[in-house]
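Novice: Attaching a single structure in structure tokens format; questions to follow.
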Amino acid sequence: MAQRPAALTAATAYTPAERRFVLLFAIVGALIESMELNLLSYPLGDLAASFRVTNAAVVATITAQSLASIAGGFLFGWIADRWGRRPTYVAFTATYSVLAIAGALVTSFDIFVITRVLAGLAMGGAFGVIFAMFSESWKSPKRGFMGSVLQGMFIAGTLLTQLILFITISSLGSNSGWRWGFLVIGAMCLLIAAGAAFRLPESKLWRAARDAKKRGEGGEEDTPRAAKPPLETGAGPRRIVLGAVFLTVCTTGVFAASYSYITFAPTFLRQNLGVSLSVSTIVLTVGTLLGIASYLVFGILSDRIGRRMATLWSCVLGVLGFGAFALFGGGSPTVATVALMGAAIGYAGFGVLGTWISEFYPTRFRAFGSGATYYVARGLGSGLFPLFALSLAGGNLRWALALGGFGAILGLLGCIFVPDTANKIITAQE
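The opening residue of the sequence shown carries number 24 in the working numbering; numbering runs sequentially from there.
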């Protein structure tokens, strides 16, 4: 750590082994955060029947959980920038485990909602910390691609959640099955928290930035002008604020598109199309795999044509995908299922946004800024929008799902005004 902060970069600060450990825990952290987030969506009908409440009550719980993650994004982001990435990672992961296990054991819906709201608060720690760890350790030229792999773990977590809950519900029945699924996922989170406490490397760039602040050094993050177009360099406070606003707008739109699909597709398949649990699981699995593939494609593109253009074209794809479902989703079950695949790949912007958000903010408040942007967007897009869409559609699940196309439009408009960060060199200097 004898290097000056300006000379310490993500490309030079780590050994290959350290970089692999950071990436491993980032991937696992993204996976389990998605599992926690989607614990309510897949068994929505089962939860409603078990607690004897309406589907809307469970959707409202998803909303409350997502809104709580906004506060968590600010809280855990601040903690990570002040005390480090590793202890924050351990804290939110351990909290997941306790609350998932508690939720499996309670019989009161009100208490269950409390466990989910507290879990939402803990979820607020994940994105900012995970992507700060990643951006501060990975080399610039392929950061978009690796970021899309990492972001794909959020959707892979959806697939794993569906698999675990399918096994437990189909084996143990609707009422007991979801509870055992919660227990399994809670135990997994506890193991990850214990592993991170001993093996996760702390961010060297964060340490250098903290030490520089203590010594009274500072300044803006050192990003060579050659690495970006002239208009994207020298980001002052005003540009950061404006960029953060439009980046949040864009991310909100992509979340609205994704959660229209994630929240309503499972129940739409089983209640509207009348398909079995096993068939709906297969359809959702195929959609998940298509979503991951689209993440990777646009993540790779973002390294070649820039974060902004890759996000823009991914949102165009989203408009087309949800539009196809709106037009053909009312046909036969086969036609509706095929059309649903268009919506499944209609939020490919997530393949770019994780990297873009973390690159946008300087090291001194990267976790806080990233967490705030992501979780404000998620609270609005995944929390409020599904409830709004369901109300606007008059309870019709097909149209509530199709309204995700408006999210893709919002994402398209928002990304136009955000500075591009492709090939930005991440340093420790503040």
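Ideal Cβ placement from N, Cα and C applies to all residues, glycine included.
Starting from P39, trace the alpha helix (DSSP H) both ways and give me its first and last residue.
Specialist: P39 to L60
Novice: Is it the case that the Cβ atoms of S160 and A33 are separated by a distance below 8 Å?
Specialist: Judged by beta-carbon spacing, A33 lies within the 8 Å limit of S160, meaning their Cβ atoms are closer than that value.
Novice: When burial is assigned at 16 or more other CB atoms within 10 Å of the CB, is W104 buried or exposed?
Specialist: A small fix is needed here, since residue 104 is Asp in this sequence, not Trp. Label assigned to D104: buried.
Novice: Please give the ranges of any alpha helix (DSSP H) in the region 261 to 342, keeping only runs that are unbroken, at least 4 residues long and fully inside the region.
Specialist: 300 to 328
Novice: Per DSSP, T450 forms a beta bridge with which residues?
Specialist: T32
Novice: Smallest Cα separation from I124: which of V399, G344, C212 and K162?
Specialist: C212
Novice: Exposed or buried, what is T184 when buried is set at 16 or more other beta-carbons lying within 10 Å of its beta-carbon?
Specialist: buried
Novice: DSSP state of T444, grouped into three classes?
Specialist: coil
Novice: On the three-state DSSP scale, how would you describe Y119?
Specialist: helix
Novice: Given a cut-off of 8 Å, decide if V81 and L70 are closer than it, judged by their beta-carbon atoms.
Specialist: yes
Novice: Are S405 and Y318 closer than 8 Å when you measure CB to CB?
Specialist: no
Novice: Can you tell me whether E244 is buried or exposed? The criterion is at least 16 other CB atoms within 10 Å of its CB, across all chains shown.
Specialist: Residue placement at E244 is poorly supported in this model, since its pLDDT is 42, which falls under 50; the coordinates are not used for a value here.
Novice: Measure from the alpha carbon of P110 to the alpha carbon of each residue in G418, E59 and G218, then state which is nearest.
Specialist: The residue with the shortest Cα to Cα distance from P110 is G218.
Novice: Whose CA, out of L340, N61, G126 and I305, lies closest to the CA of G430?
Specialist: L340
Novice: Going by DSSP in three states, L350 sits in which element: helix, strand or coil?
Specialist: helix
Novice: Thinking S120 and G209 are a contact (beta carbons under 8 Å), I'd like their distance in whole angstroms, please.
Specialist: 5 Å
Novice: Below 8 Å between beta carbons: does that hold for I153 and A79?
Specialist: no
Novice: Can you look up E382 in the DSSP assignment and give me helix, strand or coil?
Specialist: helix
Novice: Under DSSP, the alpha helix (DSSP H) around Y398 begins and ends at which residues?
Specialist: R389 to R401
Novice: Spatial neighbours of W229 within its chain, please: C-beta separation below 7 Å, excluding the five flanking residues on both sides.
Specialist: G107, R108, E159 and T386
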